[in-house]
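Visitor:
Numbering (the numbering used here), first residue to last: 849 to 1270.
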């Protein structure tokens, strides 16, 4: 890391505007020792990241008594006991360290199905303990991850199982990506019809927790939804949320959703803020490498997103090739060596130098393929081309190569290009 220059970005406060986040779902568990936590933080700071998504509570994919949910000072909470005060102090210390490096921390207090484990009253109490411990720090609160996940199925992880123990987790990776996507969508639609009342209860229960939290803090609050809804749809009182949010998921079919979702939502309400909290993770099921990551970043931001979230398989789960390997076998060490975060930081720096809140979006397609997307205000513009070889017209301007992180004097014959018209 000694050779990495520090990218200087505007100071980030507890604001949802303009951050570039990395995703560490198991960052407070004993899977990520303090030394590795600190080294990862220093690396991401050097690469230009300004936010970290961190679970303060039981991470996803595991039960509350699974050893992988345990921190160096024990479990966050237990099913028959109260909150672990030592754990909350650990969270405060780690988040203070991140703040000192310039990061705002997006604090996830739970995962959606965990409200069925605790009930809404105890979940609200857990959240109030989080606010009490962390509210003086530079944080954004995320009510929960995947708010409507596992409706009527939450007990399958109790008390100490992981998703690796479930048969579906072993079978699905054997199927082609497109087939997995079709099956998942069909399952979601069927379940929504069969469990309508239970989904409404989940929505209302999290809305009740949101209302309790909002009385105790002035920090921004968001929620991380499942792939078939938005954050505003996930709770009964969306006016209390600071931004509308989505996750576009981890299949190739999400490619156009990356830009179509923000365009549609912001066209409906231009005043709202939009964040995709979970686009493709790099390396998940051996897919979505640098080319896809840079595509996702540029089309999402140019379509109007407020901030951007990156994730790498192996980092989010602190992978060793075995833990949660149904999502892929990329390890923490392998993910740490990826160059994409550096490239994202460089592109984000250029975007922030240009960004203009008064600009208007434009795009061009050929069938379902996106040819270009950009933003324009007067004579000034920024325009992304996923493949310059398919472009019908390229304006004169400064040529940025996202996959190299440099400006070029001439257009390449093919590949990704961003043109800045000053």
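We put the CB at the ideal spot given by N, CA and C, even for glycine.
Mind checking which residues open and close the beta strand (DSSP E) that includes residue 1094?
Guide: Translated into positions along the chain shown, residue 1094 becomes position 246. From DSSP, the beta strand (DSSP E) with residue 1094 extends over 1092–1095.
Visitor: In terms of alpha-carbon separation, which member of 1160, 1244, 1114, 987 lies closest to residue 1274?
Guide: A question about residue 1274 goes unanswered here, because the residues of the chain that appear run from 849 up to 1270.
Visitor: On the DSSP letters alone, give me the boundaries of the alpha helix (DSSP H) that residue 1231 sits inside.
Guide: Taking the chain shown and counting its residues from 1, one reaches residue 1231 at position 383. It is not in any alpha helix (DSSP H) - residue 1231 instead sits in the beta strand (DSSP E) that spans 1228–1233.
Visitor: Who are the Cβ neighbours of residue 1258 in its own chain at under 8 Å, not counting the five residues just before and after it?
Guide: Stepping through the chain shown from its first residue, residue 1258 is reached at position 410. Counting only Cβ-Cβ distances below 8 Å, and skipping sequence neighbours, we find 1247.
Visitor: From 1116, 1125, 937, 1120, pick the residue whose C-alpha is nearest to that of residue 1095; which is it?
Guide: By one-based count along the chain shown, residue 1095 stands at place 247. Nearest C-alpha to residue 1095: 1125.
Visitor: Relative to the alpha-carbon of residue 1152, which residue among 1111, 984, 979 has its alpha-carbon at the smallest distance?
Guide: On the chain shown, residue 1152 is found 304 positions in, with the first residue counted as 1. Residue 1152 has its Cα closest to that of 1111, out of 1111, 984, 979.
Visitor: Measure how close the beta-carbons of residue 1005 and residue 910 come, nearest whole angstrom, since I'm counting them as under 8 Å.
Guide: Start at 1 with the first residue of the chain shown, and residue 1005 comes out as number 157. Start at 1 with the first residue of the chain shown, and residue 910 comes out as number 62. With a Cβ gap of about 7 Å, residue 1005 and residue 910 count as contacting.
Visitor: In this structure, how does DSSP classify residue 1268 when only helix, strand and coil are distinguished?
Guide: Looking up residue 1268 in the chain shown gives position 420. Strand, per DSSP.
Visitor: If you run the structure through DSSP and keep just helix, strand and coil, what is residue 886?
Guide: Here residue 886 refers to the residue found at position 38 of the chain shown. Residue 886 falls in the helix class under three-state DSSP.
Visitor: Which residues does DSSP list as the beta-bridge partners of residue 1156?
Guide: Start at 1 with the first residue of the chain shown, and residue 1156 comes out as number 308. Partner(s): 868.
Visitor: Rounded to a whole number of angstroms, what is the C-alpha to C-alpha distance between residue 1143 and residue 1263?
Guide: Taking the first residue of the chain shown as 1, we reach residue 1143 at position 295. Taking the first residue of the chain shown as 1, we reach residue 1263 at position 415. For residue 1143 and residue 1263, the distance between alpha carbons rounds to 11 Å.
Visitor: Work out the CA separation of residue 1202 and residue 1266 for me, nearest whole Å.
Guide: Taking the chain shown and counting its residues from 1, one reaches residue 1266 at position 418. Taking the chain shown and counting its residues from 1, one reaches residue 1202 at position 354. Answer to the nearest angstrom: the Cα atoms are 12 Å apart.
Visitor: Residues in the same chain with beta-carbon distance under 7 Å from residue 1177, minus the five sequence neighbours each way, listed in chain order, please.
Guide: For the purposes of this step, residue 1177 is identified with residue 329 of the chain shown, where counting begins at 1. Counting only Cβ-Cβ distances below 7 Å, and skipping sequence neighbours, we find 1169.
Visitor: Here's the rule I'm using: 16 or more other beta-carbon atoms within 10 Å means buried, otherwise exposed. How should residue 1063 be labelled?
Guide: As a first step, residue 1063 is located in the chain shown; it is residue number 215 there, counting from the start. So residue 1063 ends up on the exposed side.
Visitor: Just to confirm the assignment, what range does the beta strand (DSSP E) spanning residue 1129 have?
Guide: Along the chain shown, read from residue 1 onward, the residue named residue 1129 stands at position 281. Premise fails: residue 1129 is in no beta strand (DSSP E) and is neither H nor E.
Visitor: Quick one: is residue 1148 buried, meaning 16 or more other Cβ sit within 10 Å of its Cβ, or exposed?
Guide: Counted from its first residue, the chain shown places residue 1148 at position 300. Buried: at least 16 other Cβ atoms inside 10 Å.
Visitor: On the three-state DSSP scale, how would you describe residue 873?
Guide: Position 25 of the chain shown, counted from the first residue, corresponds to residue 873. Residue state, collapsed to three classes: coil.
Visitor: Please give the ranges of any beta strand (DSSP E) in the segment 911–951, keeping only runs that are unbroken, at least 3 residues long and fully inside the region.
Guide: None, since the segment 911–951 contains no complete beta strand (DSSP E) of that length.
Visitor: Could you tell me whether the segment 897–915 touches the segment 869–882, using the rule of 3 or more Cβ pairs below 8 Å?
Guide: Segments in contact, yes.
Visitor: Verify whether the separation of the beta carbon atoms of residue 880 and residue 943 is less than 7 Å.
Guide: Residue numbering aside, residue 880 sits at position 32 when the chain shown is read from its first letter. Residue numbering aside, residue 943 sits at position 95 when the chain shown is read from its first letter. No, the pair does not count as a contact, with Cβ atoms beyond the cut-off.
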